[in-house]
Each structure stands twice: as structure tokens, then as C-alpha cells.
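For the sequence shown, UniProt numbering assigns the number 5 to the initial residue and increments by one for each residue that follows.
Idealized CB from N, CA, C, for every residue including glycine.
Computed from a predicted model, the values in this text were never measured in an experiment.
Note sheet for the following structure.
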Amino acid sequence: ATQPYDDDNIFAKILRGEIPSTRVYEDEWAYAFEDIAPQAAVHTLVIPKGKYVSWDDFSQRASDAEIAGFVRAVGKVARDKGLVEPGYRLLANLGRHGGQEVPHLHVHVFGGEPLGRMIA
Ligand code: 5GP
Numbered sequence: 005a006t007q008p009y010d011d012d013n014i015f016a017k018i019l020r021g022e023i024p025s026t027r028v029y030e031d032e033w034a035y036a037f038e039d040i041a042p043q044a045a046v047h048t049l050v051i052p053k054g055k056y057v058s059w060d061d062f063s064q065r066a067s068d069a070e071i072a073g074f075v076r077a078v079g080k081v082a083r084d085k086g087l088v089e090p091g092y093r094l095l096a097n098l099g100r101h102g103g104q105e106v107p108h109l110h111v112h113v114f115g116g117e118p119l120g121r122m123i124a
């Protein structure tokens, strides 16, 4: 079972503008901002605007419009950063084994350099 959504998690505060972030992209469905501790030359986080704890939560409860909007936003962020031709990596950690630290779904966008096999 998914834990209840915590309105006080860091990314909820970022969405509400209570904690500053470096905005990369925003639309009706998604917000993208630079990771505070980048693990690659490009390390951007994309989050849905809705209150979803994880990929599991999102994939079960989100509407088709929210899912489509979020997926398109991730693609746009990578495209706008010029990552498509050289290539990039997407990652979503989930739960204990995945090492998810912030309980609001986020997709990591890594790129800007050869990434090897590093995982975040
Ligand atoms: P996770 O481990 O949950 O997949 O990823 C959490 C990510 O959020 C980490 O890469 C971490 O550096 C980033 N992060 C944590 N707190 C903040 C913050 O306050 N601002 C920003 N921009 N990124 C954060």
C-alpha cells in the first residue's frame, strides 16, 4: 500500500513556492527544476503537479490527462536541453530498495556528458 501523501515534503514546498528552486519548465501538469546536488552535467528533476508519492501511486491514481501531460513534459525538458541527439537517462527511484528520498514522484533527467553505468 502507498503511504499517504505528505503535504510538507520538500517538493510540495517547492511547488507552492515556499522553497526556492531553479525552474527549467512548467506547464499545467508538471514542474521541472535543477537538482540541488547534480550527479551529472545536466541533472534536472521533473515532478507532476498533482499529489503523488511515487511512480506506483501515479500510475494507479493519476488521470490519463495527467499521465500524458507529465510524460510529454519529461520529453520536452530533455529536448529543450538539447539532450536528444547525444542521449540521456531517465530515472525514478521508488521505496526502500530504490532509495527514494523525497515522497513526491520525481523523474531524474541526466545528461550533458557520457553517463557510463552510474545510477542515482
Ligand atoms: P531521490 O533520491 O528521492 O530519487 O531523489 C531526490 C533528489 O532530490 C536528489 O537528487 C536530491 O539532490 C534532490 N533534492 C533534495 N532536496 C532538494 C531541494 O531542496 N531542492 C532541489 N532542487 N533538489 C533537492
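Using a cutoff of 7 Å, the CB of residue 41 counts as near ligand 1, since one of the ligand's heavy atoms is closer than that. For the 8 Å CB-CB criterion, residue 36 and residue 49 form a contact. Boundaries of the alpha helix (DSSP H) around residue 100: 99 to 102. Per DSSP, residue 105 has no beta-bridge partner at all. Per the C-alpha coordinates, the member of 114, 79, 118, 105 positioned closest to residue 10 is 105. For residue 97, the CB falls within less than 7 Å of some heavy atom of ligand 1.
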